[in-house]
Amino acid sequence: MLNQKPKNQDLNWPMTLPRYMEIPTFMRTPLIKDPTEFDIAMIGIPYDGAVTNRPGARHGPREIRNSSSMMRAIHHVTRVNPYELCRIGDAGDVPFTRVYNVEETHHDITRFFAQFYQAGILPLSAGGDHSVTLPILRALAEDAPIGMVHIDAHTDTWDELMGCKFSHGAPFRRAVEENLLDPKRTVQIGIRGAQNTSEGWDYSIDSGMRVIFMEEFTKLGVDAVVAETRRFVGNGPTYISFDIDSLDPVYAPGTGTPEIGGLTTIEAQALLRGLRRLNLIGADVVEVSPPFDPSGNTALVGATIMYEILCLLAETVAARS
Ligand code: MN
Ligand code: MN
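This is the structure in structure tokens:
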């Protein structure tokens, strides 16, 4: 089936132009007009109305698109060229109707992602604050709860805050409550930083998630963390959610809730490369906040992490066709 579809090279691929030219789509891929022509859709979610501290992630998709013009095709370790394996495009940003209402905005996100899910297209999105992952999971886990590899300084399983149940500190508690996420197939990696209560950590552990705090990550090393993650999520449908604050702020200062003592960029890359050939159903990179990113490096890191994940999703598409 795959061989009958036109590849990216046949779709007026803008990647052949100089990097600084034209409207900056993700990775310089074609803009998606007809979703049925694509296998993977990259999507911007410019929303930061649910942050608990510094805002700015609404500007993430635009800056990641700009920095993603630095990305190329062939992965230097795996030699995967995602553009040869499947058809990849930029589906634009989620159209919002009421950005001043968290729940309405989440509804818009679910509705937008549902059309790709129903067409069998894998979404790879750029946030946006981490609250956006809950409405994505509502679209992708419509039939049965899914597993997740969650890379973050925070478990994001806190409860209601200031009368809101949908802040960026709460998406995965809500996802378990809504039966979208199977906690017994969820791994949280890179957790650290003091909290005022332990309720989020406790919820993750008590619900059955495998929580790998930063100290355990350092002690085990990347290869052992990969093995543990793969053992835990198994062969079932799995989503990857990558919060840029999992990285040490040395590498990714442009984010709302930075925590020192985090992953290095090469550790994050090695971790993601260890997730090849999982049964992936989508992924996101969230919490890049350009106003706190004067050097632009956080956006470059976000774009590069997206490229790493794009290679994983492309292999998943190739394996199933
Ligand atoms: Mn998060
Ligand atoms: Mn975080």
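All residue numbers for the sequence shown refer to our numbering, where the first residue is 67 and numbers rise by one. The C-beta atom is built at its ideal place from N, Cα and C for all residues, glycine as well.
Beta-carbon contacts of residue i that lie in its chain and below 6 angstroms, excluding the five residues immediately before and after
{"i": "Arg164", "result": "Glu170"}
{"i": "Ala139", "result": "Asn147 and Tyr149"}
{"i": "Met67", "result": "Below a pLDDT of 50, predicted positions are generally treated as unreliable, and Met67, at 36, falls in that range; the measurement from the model is reported next regardless. Within the same chain, Met67 has close Cβ partners Ser387."}
{"i": "Val292", "result": "Gly340"}
{"i": "Ala384", "result": "Leu151"}
{"i": "Thr284", "result": "none"}
{"i": "Leu188", "result": "Ile106, Gly348 and Leu379"}
{"i": "Phe298", "result": "Val253 and Arg276"}
{"i": "Ile202", "result": "Phe179"}
{"i": "Leu83", "result": "none"}
{"i": "Met108", "result": "Phe92, Asp156 and Leu190"}
{"i": "Leu206", "result": "Tyr183, Ile347 and Gly348"}
Nonlocal neighbours in the same chain, by C-beta distance under 8 angstroms from residue i, ignoring five residues either side
{"i": "Phe232", "result": "Ala116, Val168, Glu169, His172, Ser197, Leu200 and Arg240"}
{"i": "Asn69", "result": "Low per-residue confidence applies at Asn69: pLDDT is 41, beneath 50, and the placement is therefore not dependable, though the value from the model is reported in the following sentence. Correct list: empty, nothing qualifies."}
First and last residue of the uninterrupted beta strand (DSSP E) at residue i
{"i": "His172", "result": "It is not in any beta strand (DSSP E) - His172 instead sits in the alpha helix (DSSP H) that spans Val168 to Gln184."}
{"i": "Met349", "result": "The question names Met, yet the displayed sequence has Ala at residue 349. It spans Leu346 to Val352 - the beta strand (DSSP E) in which Ala349 sits, taken as one unbroken run."}
{"i": "Gly126", "result": "Where Gly126 is concerned, there is no enclosing beta strand (DSSP E), although the alpha helix (DSSP H) it sits in stretches over Gly126 to Ser133."}
{"i": "Val253", "result": "Leu247 to Ile257"}
{"i": "Leu203", "result": "Taken as a continuous stretch (DSSP letters only), Leu203 belongs to no beta strand (DSSP E), being part of the alpha helix (DSSP H) at Thr199 to Leu206."}
First through last residue of the alpha helix (DSSP H) which encompasses residue i
{"i": "Ile375", "result": "Asn363 to Arg386"}
{"i": "Ile271", "result": "Glu265 to Ser273"}
{"i": "Lys285", "result": "Met280 to Leu286"}
{"i": "Gln335", "result": "Thr331 to Arg339"}
{"i": "Pro315", "result": "No alpha helix (DSSP H) contains Pro315, which DSSP labels as neither H nor E."}
{"i": "Ala241", "result": "Pro237 to Glu243"}
{"i": "Pro148", "result": "Pro148 to Leu151"}
As assigned by DSSP and simplified to three states, the class of residue i
{"i": "Asp156", "result": "strand"}
{"i": "His216", "result": "strand"}
{"i": "Phe308", "result": "strand"}
{"i": "Asp289", "result": "helix"}
{"i": "Leu83", "result": "coil"}
{"i": "Ala112", "result": "What sits at residue 112 in the sequence shown is Pro, not Ala. The answer is coil: DSSP assigns Pro112 none of H, G, I, E or B."}
{"i": "Ala123", "result": "helix"}
{"i": "Arg297", "result": "helix"}
{"i": "Arg276", "result": "strand"}
{"i": "Pro189", "result": "strand"}
{"i": "Asn69", "result": "Bear in mind that a pLDDT of 41 at Asn69, under 50, signals an unreliable position, so the model cannot answer this."}
Sub-7 angstroms separation of residue i and residue j beta-carbons
{"i": "Ile375", "j": "Ala349", "result": "yes"}
{"i": "Gln254", "j": "Met275", "result": "yes"}
{"i": "Arg93", "j": "Met137", "result": "The question names Arg, but residue 93 in the sequence shown is Met. Contact: yes."}
{"i": "Thr102", "j": "Gly155", "result": "no"}
{"i": "Gly266", "j": "Gly193", "result": "no"}
{"i": "Leu313", "j": "Gly302", "result": "no"}
{"i": "Arg342", "j": "Glu381", "result": "yes"}
{"i": "Val439", "j": "Thr295", "result": "Since the displayed the chain opens at 67 and closes at 387, residue 439 lies outside it and no answer follows."}
{"i": "Arg204", "j": "Thr221", "result": "no"}
{"i": "Ile310", "j": "Phe279", "result": "no"}
{"i": "Pro249", "j": "Ser273", "result": "yes"}
{"i": "Glu325", "j": "Gly229", "result": "no"}
{"i": "Asn53", "j": "Thr304", "result": "Outside the displayed span of the chain (67 to 387) sits residue 53, for which this structure offers no information."}
{"i": "Pro90", "j": "Asn119", "result": "no"}
{"i": "Tyr166", "j": "Thr223", "result": "no"}
{"i": "Val351", "j": "Tyr317", "result": "no"}
{"i": "Ala185", "j": "Ile98", "result": "no"}
{"i": "Phe358", "j": "Gly320", "result": "yes"}
CB-CB length for residue i against residue j, believed under 8 angstroms
{"i": "Val354", "j": "Glu129", "result": "7 angstroms"}
{"i": "Asp322", "j": "Asp218", "result": "Looking at the sequence provided, one finds Gly at residue 322 rather than Asp. Not really, about 12 angstroms apart at Cβ, beyond 8 angstroms."}
{"i": "Gly110", "j": "Asp159", "result": "4 angstroms"}
Cutoff 7 angstroms; reference residue i; Cβ partners in own chain excluding five residues on either side
{"i": "Val143", "result": "Arg339"}
{"i": "Pro211", "result": "Asn245, Leu246, Leu247 and Asp248"}
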